[in-house]
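S.K.: This is the structure I want to talk about, given as structure tokens.
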Amino acid sequence: AFAAYVLGHPAPLLAATVTVSSLGLVRDARPRRVLETVIGMIIGILVAEVLLLVAGSGWWQLGLALAATLAVARFLSPQPGFAIAAAIQSLIVMIVPTSSPMLRLIDGVVGGVAALLVTALIPRSPQRTEVASGEVLFTRFQSATETIIRALRRGDRVRAQRGLEKARALQADIDDWRLTLESGMGIARISPFLRSQRHEIARHQRIWQSMDFACRNLRVIARRTVYLVDDREPREVAADLLADLGRGADLIAQSLRDISLEPVARETLRAVAVRLDPAVVLPDATLGDQNLIAALRPLAVDLLTAAGMSGEDAAHTVPRI
Numbered sequence: 016a017f018a019a020y021v022l023g024h025p026a027p028l029l030a031a032t033v034t035v036s037s038l039g040l041v042r043d044a045r046p047r048r049v050l051e052t053v054i055g056m057i058i059g060i061l062v063a064e065v066l067l068l069v070a071g072s073g074w075w076q077l078g079l080a081l082a083a084t085l086a087v088a089r090f091l092s093p094q095p096g097f098a099i100a101a102a103i104q105s106l107i108v109m110i111v112p113t114s115s116p117m118l119r120l121i122d123g124v125v126g127g128v129a130a131l132l133v134t135a136l137i138p139r140s141p142q143r144t145e146v147a148s149g150e151v152l153f154t155r156f157q158s159a160t161e162t163i164i165r166a167l168r169r170g171d172r173v174r175a176q177r178g179l180e181k182a183r184a185l186q187a188d189i190d191d192w193r194l195t196l197e198s199g200m201g202i203a204r205i206s207p208f209l210r211s212q213r214h215e216i217a218r219h220q221r222i223w224q225s226m227d228f229a230c231r232n233l234r235v236i237a238r239r240t241v242y243l244v245d246d247r248e249p250r251e252v253a254a255d256l257l258a259d260l261g262r263g264a265d266l267i268a269q270s271l272r273d274i275s276l277e278p279v280a281r282e283t284l285r286a287v288a289v290r291l292d293p294a295v296v297l298p299d300a301t302l303g304d305q306n307l308i309a310a311l312r313p314l315a316v317d318l319l320t321a322a323g324m325s326g327e328d329a330a331h332t333v334p335r336i
């Protein structure tokens, strides 16, 4: 509308396509990512407009414009989406006729500004999106933990292997939550409507960091479980301790929506962490079994920091060995 009624452009097609495409091509809605996509599209328009002025239109000019646009875009940014955005707009410029050279470049700039304004001003809830991603991670973390617990209780190597596979698959959920957190914080920083969400998103970023470490330590526990249960002996003590840590993780998951549960999660986890001395809980066990208990200690520390305890205090909570 701005390009048509204020600037007087007869058919501001690219103003609309740049706005819609820059918002729709990227799942990551951080203003920086939207801006990168907008710049890519404007570069595609500029390259095509210059080639139209120099070489005219035609099938070989279309191929040349596409090649030149991709070359310039790849030179400026390693992101595949940047080059794709530039190429699409370049093709539109070459295919759709116009009587006013460079007019579409102005339309592209107008569309880009509109996309950035939409990112900042249209009401939305990035916190809701990132919390949903976090809950997916915690659900799958719990599933992996419960599978490992059942393997320990039954001495089941097949189930232990399945638990290891689930623990390894958590990395995709970690990455997905990180992306939604970064996107949400980027939007909250520039949007006047989302200032109240910054603190909670920052808190969830702290939880994400600790859960990233916790997932790595869960993989260590899973690998040791696979090795140990080859003898088909049940390990109830290790299973009970891991189950108690899992209950603490579940409280952290609930605290994403209710911060009042953070202290409850901390106390639940503290009660487990102070017991994690292999020589005390399994005084007559093999070295392998004691090492499994020792592997629970870093997981407890990570979950304690996820629940809001400082790293130093969390490390001092587990007994010295």
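Mapping of the sequence shown onto the numbering used here: residues 16 to 336, in sequence order.
All C-beta atoms in this analysis are idealised placements derived from N, C-alpha and C, irrespective of residue type, glycine included.
Along the chain, where does the alpha helix (DSSP H) that runs through R169 open and close?
M.R.: As a first step, residue 169 is located in the sequence shown; it is residue number 154 there, counting from the start. That run of the alpha helix (DSSP H) goes 141-169.
S.K.: For M226, which of V244, V241, Y242, A187 has the nearest alpha-carbon?
M.R.: As a position in the sequence shown, residue 226 is number 211, starting the count at 1. The shortest Cα separation from M226 among V244, V241, Y242, A187 belongs to A187.
S.K.: In chain order, what residues of the same chain lie with their CB nearer than 6 Å to the CB of I164, ignoring the 5 residues before and after it?
M.R.: On the sequence shown, residue 164 is found 149 positions in, with the first residue counted as 1. Closer than 6 Å at the Cβ level, and outside the excluded window around I164, lie A254, L257, A258.
S.K.: What is the DSSP secondary structure of S211, reduced to helix, strand or coil?
M.R.: Here residue 211 refers to the residue found at position 196 of the sequence shown. Of the three classes helix, strand and coil, the one that applies to S211 here is helix, per DSSP.
S.K.: Hey, how far is the Cα of V241 from the Cα of A300?
M.R.: The residue labelled residue 241 in the question sits at position 226 within the sequence shown. The residue labelled residue 300 in the question sits at position 285 within the sequence shown. Their backbone Cα atoms lie some 17 Å apart in a straight line.
S.K.: Name the residue from V289, G170, V65 whose alpha carbon lies nearest to the alpha carbon of R119.
M.R.: One-based indexing of the sequence shown puts residue 119 at position 104. Comparing Cα-Cα distances from R119 to each of V289, G170, V65, the minimum goes to V65.
S.K.: Report yes if the C-beta distance between L284 and R239 is below 8 Å; otherwise report no.
M.R.: For the purposes of this step, residue 284 is identified with residue 269 of the sequence shown, where counting begins at 1. For the purposes of this step, residue 239 is identified with residue 224 of the sequence shown, where counting begins at 1. In this structure, R239 does not lie closer than 8 Å to L284 by Cβ.
S.K.: Would I107 be called buried (16 or more neighbouring beta carbons within 10 Å of its own) or exposed?
M.R.: In the sequence shown, counting from the first residue as 1, residue 107 sits at position 92. I107 comes out buried.
S.K.: Nearest CA to the CA of R272: which residue from Q94, I222, P249?
M.R.: Here residue 272 is taken as the residue at index 257 of the sequence shown, counted from 1. Nearest option by C-alpha distance: I222.
S.K.: Which residues in the same chain as D191 place their Cβ atom closer than 6 Å to its Cβ, once the five residues preceding and following it in sequence are excluded?
M.R.: By one-based count along the sequence shown, residue 191 stands at place 176. S148.
S.K.: May I have the straight-line CA-CA distance separating C230 from L185, to the nearest angstrom?
M.R.: Translated into positions along the sequence shown, residue 230 becomes position 215. Translated into positions along the sequence shown, residue 185 becomes position 170. Using only the alpha carbons, I get a separation of about 7 Å.
S.K.: Would A102 pass as a contact of L85 if the rule is Cβ separation under 8 Å?
M.R.: Walking along the sequence shown from the start, residue 102 turns up at place 87. Walking along the sequence shown from the start, residue 85 turns up at place 70. Yes, the Cβ-Cβ distance between A102 and L85 is below 8 Å.
S.K.: Just reading off the alpha helix (DSSP H) that P278 is part of, what are its end residues?
M.R.: As a working mapping, residue 278 is identified with position 263 in the sequence shown. Per DSSP, P278 belongs to the alpha helix (DSSP H) from 277-288.
S.K.: So which of I216, A280, R168 has the shortest CA-CA distance to A315?
M.R.: The residue you call residue 315 lines up with position 300 of the sequence shown. Ranking the options by Cα distance to A315, first place goes to A280.
S.K.: Would you tell me roughly how many angstroms separate the C-alpha atoms of L40 and G96, rounded to the nearest one?
M.R.: Counted from its first residue, the sequence shown places residue 40 at position 25. Counted from its first residue, the sequence shown places residue 96 at position 81. Because L40 carries a pLDDT of 47, less than 50, the predicted location of this residue cannot be relied on, and the following value inherits that uncertainty. Roughly 8 Å between the two C-alpha positions.
S.K.: Whole angstroms is fine: what's the gap from T320's alpha carbon to S270's?
M.R.: Working through the sequence shown from its first residue, we reach residue 320 at position 305. Working through the sequence shown from its first residue, we reach residue 270 at position 255. Whole-angstrom Cα-Cα distance: 13 Å.
S.K.: Can you say whether I110 is buried or exposed, counting buried as having 16 or more other CB atoms within 10 angstroms of its CB?
M.R.: To locate residue 110, count along the sequence shown from 1; it is residue 95. Exposed, by the Cβ-count rule.
S.K.: Less than 6 Å between C-beta atoms, sequence neighbours within five positions excluded: which residues of the same chain meet that for A344?
M.R.: This structure cannot speak to residue 344, because the chain is shown only from 16 to 336.
S.K.: Along the alpha helix (DSSP H) that carries Q187, what are the first and last residues, could you check?
M.R.: Sequence index remark: in the sequence shown, residue 187 carries index 172 (1-based). The residue you asked about is not Gln; residue 187 is Ala in the sequence shown. That run of the alpha helix (DSSP H) goes 172-205.
S.K.: G326 lies in the alpha helix (DSSP H); which residues open and close that run?
M.R.: Residue mapping note: residue 326 aligns to position 311 of the sequence shown, counting from 1. First-last of the alpha helix (DSSP H) with G326: 326-332.
S.K.: On the criterion of 16 or more Cβ atoms from any shown chain inside 10 Å, does H219 qualify as buried, or is it exposed?
M.R.: Within the sequence shown, the letter at position 204 stands for residue 219. With 16 or more Cβ atoms within 10 Å of its Cβ, H219 is classed as buried.
S.K.: Quick one: is H331 buried, meaning 16 or more other Cβ sit within 10 Å of its Cβ, or exposed?
M.R.: For the purposes of this step, residue 331 is taken as residue 316 along the sequence shown, with counting starting at 1. Exposed, because fewer than 16 other Cβ atoms sit within 10 Å of the Cβ of H331.
S.K.: Can you tell me whether A286 is buried or exposed? The criterion is at least 16 other CB atoms within 10 Å of its CB, across all chains shown.
M.R.: For the purposes of this step, residue 286 is taken as the residue at position 271 of the sequence shown. Burial call: exposed.
S.K.: Please determine, among G261, R250, E282, V289, the residue with the shortest C-alpha to C-alpha distance to T154.
M.R.: If you number the sequence shown from 1, residue 154 lands on position 139. If we check each option's Cα against that of T154, G261 comes out closest.
S.K.: Apart from the five residues just before and just after V87, which ones in its own chain have a Cβ nearer than 7 Å to its Cβ?
M.R.: Position 72 of the sequence shown, counted from the start, is the residue given in the question as residue 87. Only I58, V62 meet the Cβ criterion.
S.K.: Closest to D265 by CA distance: which of R89, A159, A83 is it?
M.R.: As a working mapping, residue 265 is identified with position 250 in the sequence shown. Considering only alpha carbons, the answer is A159.
S.K.: For the alpha helix (DSSP H) containing Q305, list its first residue and its last residue.
M.R.: Sequence index remark: in the sequence shown, residue 305 carries index 290 (1-based). Looking at the DSSP string, the run of the alpha helix (DSSP H) that includes Q305 is 302-321.
S.K.: Where does G73 sit, in a helix, a strand or coil, going by DSSP?
M.R.: By one-based count along the sequence shown, residue 73 stands at place 58. Residue state, collapsed to three classes: coil.
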